[in-house]
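Just so we're aligned, residue 114 is where the first sequence starts under the working numbering, counting upward by one. The beta carbon of each residue, even a glycine, is placed where N, CA and C say it ideally should be. Being a predicted model, the structure only gives us computed values, none of them experimental. Only one structure is covered here, and it is reproduced in the block below.
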Amino acid sequence: MPEFQTSPGMRDILPPESTRWRRFVATFAETVTAAGYGQIIPPLLEDIGVFHRVGEATDIVTKEMYDFIDKGQRHVALRPEQTASVCRAFVQHRPATPWKVWYSGPNFRYERPQRGRYRQFDQVGIEVLGANDPYLDVEVIALGWNFFKRLGLRQVHLHLNSLGEPENRQRFVTALQAYFTDNIERLSDASKTTLAKNALRVLDSKRPEDGEVIAGAPKISEFYSDAARLHFETVQSGLQALDIPFVVNEKLVRGLDYYRHTTFEFVGGTLDSAQNAIGGGGRYDGLVEDLGGPATGGIGFALGLDRTLLACDDESVFAATQTSVDVFVVDTTGGLEALVITQQLREAGISSDRSFENRSMKSQMKAADKSGAKIAIIIGSDEVEAQSFVLRPLRSEDQQSTIPRNELMTSIMKALS
RNA sequence: GUGGGCGUAGCUCAGUUGGUUAGAGCGUCAGUUUGUGGUACUGAAGGCCGGGGGUUCGAGACCCCUCGUUCACCCCA
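Here is the structure:
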């Protein structure tokens, strides 16, 4: 074991895996920019107060943040998510609404690492601020859906719920609290603790002994106002109009406190681990106000790269690709020829590579093969003498040929076309 | 934060009830052809058996601690 390794929950993404990460973000960017979203790049670090607004009662805020006092005595934190930063930016810059933005990048949560759950984890996401139209909810969900389709995923399930308006939600929480308190003896110990903090999240419990109690709990749908019900029904009819299948899951309450109305989650159909949620989001009509801005509706989602890529693995889609070059230059005369020719090729827009340390021709040919190059340019002492080079096709049965030096570039172009 | 599994070459793993110089495959490097890759064959390099302590004549194997990893809870993407 080396003396230094990555810290727990942190890891290196190496090639060729890293090529997939780049394509992932590029594909996401294409999907959402085609819908009018612009990229926002918020800082990794914010005043910790920005994240406190996400929810004083959530684990993310209370025990999972990487926070510290900086040299200027400011209490700051690495972002545990990016929605709060986007809202802070909205309040700070007051862009014209509706403000449609997308982001990608790492977030940090100090949790116990697990498969599909890391302390530094990447998300891509979108947020729209300043519009309350339920059809916007549908657009947002549809963009997530479209993105998964573009990756090639076929087994993503959409779970949908509505938390209603704040008053609906509050009355529901009160009723839930009363119900669970009446039945507290039948709850698991862990759920008793959860109940004391946030009754909503008891619904999330995966412990089998809680199942019966939860099944008998009050339902959020019994508390909707007419407006909340209409909003939710409009969202559902919009999804139906787009042929996006979904299931209403009344237990989907989501972890963050700021959600109102629509909440949704994308679940990887092939992932059987506890980390099967590959993305989630919802409407958060109160968050901008909490951060000191005007009352502003907002909705968005975040997708986890790691988990989505795990789902891709399970469905054998969106695989990593091995990078390769077009031309490999084999030079047995010391390496200066290869140095000059690879430079010329690269300037001409032709990818090329070579060996170093003056290895044997056989060794260099092996490297040429592994590089994925379509042709090898071979230069030995005979070629230097004759001012020529050998062009050897590597991926076909064609014979190699000796060509005068002044036809180097044209013959390579021709061989590649 | 709580509980269970697992840590042996770069990678994937063997290693018999504790017993001499710790093995294989793949990968890497080199050779079989002193100017030519993919196949085959040969060889080489590469391990304080995660780290520390203990039991023992003797520990990669057993015990304790610790670190890492993995699975579940929790939480969430």
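Cα atoms of His272 and Leu404: separation of roughly 29 Å, rounded to the nearest angstrom. Going by DSSP, Asp246 is part of no beta strand (DSSP E) at all; its letter is neither H nor E. By the criterion of a C-beta distance shorter than 6 Å, Thr434 is surrounded in its chain by Thr132, once the five residues flanking it on both sides are discounted. Within the model, the alpha-carbon separation for Val241 versus Phe293 is close to 36 Å. Comparing alpha carbon positions, the residue from Gly381, Val360, Gly382, Asn389 closest to Thr375 is Val360. Leu276 is the residue among Leu276, Glu194, Ile182 whose C-alpha sits nearest the C-alpha of Tyr337.
Judged by DSSP secondary structure, Asn281 falls within the alpha helix (DSSP H) whose first and last residues are 279-295. Counting every other CB atom within 10 Å of its CB across the protein chains shown gives Asp250 a total of 16 or more, marking it as buried. Per the DSSP secondary-structure output, Lys310 pairs with nothing in a beta bridge. One Cα belongs to Thr446, the other to Phe221, and the distance between them is close to 51 Å.
Less than 8 Å divides the Cβ of Phe469 from the Cβ of Gly448. Between Phe502 and Thr196, the alpha-carbon positions lie close to 58 Å from each other.
When DSSP states are grouped into helix, strand and coil, Asp439 belongs to the coil group. Annotation for Glu428: Gly265, Leu266, Arg267, Gln268, Thr383 place their beta carbon closer than 8 Å to its own, counting only its chain and skipping 5 residues before and after. By the criterion of at least three beta-carbon pairs nearer than 8 Å, the region 396-403 is not in contact with the region 293-302.
Pairing Lys479 with Tyr231, the inter-Cα distance amounts to about 38 Å. For Ser275, the enclosing beta strand (DSSP E) has its first and last residue at 269-275. The residues Val442, Ala451, Thr455, in chain order, have a CB closer than 6 Å to that of Arg467 in the same chain once the five nearest residues on each side in sequence are set aside. As for any beta strand (DSSP E) of minimum length 3 sitting wholly inside the region 487-511, the runs are 488-492, 501-506, ordered along the chain. The alpha carbon of Gly417 has as its nearest neighbour, out of Gln118, Ser120, Asp125, Trp134, the alpha carbon of Trp134.
About 6 Å separates the beta carbons of Leu529 and Lys487, which is inside the 8 Å limit, making them a contact pair.
Ala415 sits in a strand when the DSSP states are folded into three classes. A direct Cα-to-Cα measurement between Glu460 and Val453 gives close to 11 Å. Rounded to whole angstroms, the Cβ separation of Ile239 and Tyr372 is 16 Å, and the two are not in contact under 8 Å. Note on Thr144: 16 or more other CB atoms within 10 angstroms of its CB, so buried under the neighbour-count rule.
With a contact defined as Cβ atoms closer than 8 Å, Phe377 and Gly394 qualify at about 6 Å.
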